[in-house]
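To keep things clear, I will list the structure first and then write my remarks on it.
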Amino acid sequence: MPQQTDAAARTRLQDIDDTMHGKKLRVAGRVLAYDAGAARIVLAGRTHGALLVDVALCLDARARVWAAERLAVVVVIGHLECCEVRGPFVCALPADG
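This is the structure we're talking about:
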């Protein structure tokens, strides 16, 4: 019999806070930035906020160029870990073209 995994709580990106640390979440958003070498994406919400997502365990090293389309909608599922670095941050993105 296949092993059952624990359920992920559907959560809006703007509703994520420190009380959710360690919980398994399901979050949808748009890929604002993607670093294929580090296997990290910045997931942006509709209104405000962003989430840094480590996709190293999700993707084969040869397939990490999948997120080349800017603002692609993705759904991520995983346990929330807090980052020691706090914002606000300014992100400089390369211009299209």
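Quick note on the working numbering: the sequence shown kicks off at 77 and runs consecutively. All residues carry an ideal CB built from backbone N, CA and C; glycine is no exception. Just so you know, these numbers come straight off a predicted model, no measurement behind them.
Exercise. Within 10 angstroms of its Cβ, does Ala126 collect 16 or more other Cβ (buried), or is it exposed?
Worked result: Buried: at least 16 other Cβ atoms inside 10 Å.
For this session: Measure the beta-carbon distance from Val129 to Arg146 and round it to whole angstroms, keeping in mind my assumption that it falls under 8 Å.
Result: Going by Cβ atoms, the distance from Val129 to Arg146 rounds to 15 Å, so no, they are not a contact pair.
For this session: Report the residue ranges of all beta strand (DSSP E) runs contained in full by the stretch 89-130; include only those spanning at least 3 residues, in chain order.
Result: 100-111, 116-120, 126-130, all fully within the stretch 89-130.
Exercise. Which residue from Thr95, Gly98, Ala104 puts its Cα closest to that of Thr87?
Worked result: Comparing Cα-Cα distances from Thr87 to each of Thr95, Gly98, Ala104, the minimum goes to Ala104.
Exercise. Taking just the CA atoms, how far does Arg102 sit from Val72?
Worked result: Lying outside 77 to 173, the shown extent of the chain, residue 72 is not represented and no answer is given.
Problem set entry | Three-way DSSP call (helix, strand, coil) for Ala85 in this model | Strand.
Exercise. So, Arg106 versus Ala148, is the Cβ gap smaller than 8 Å?
Worked result: Using a Cβ distance threshold of 8 Å, Arg106 and Ala148 count as a contacting pair.
Exercise. Measuring CA to CA, which of Asp94, Ala84, Thr81 is closest to Glu157?
Worked result: Ranking Asp94, Ala84, Thr81 by Cα distance to Glu157 puts Asp94 first.
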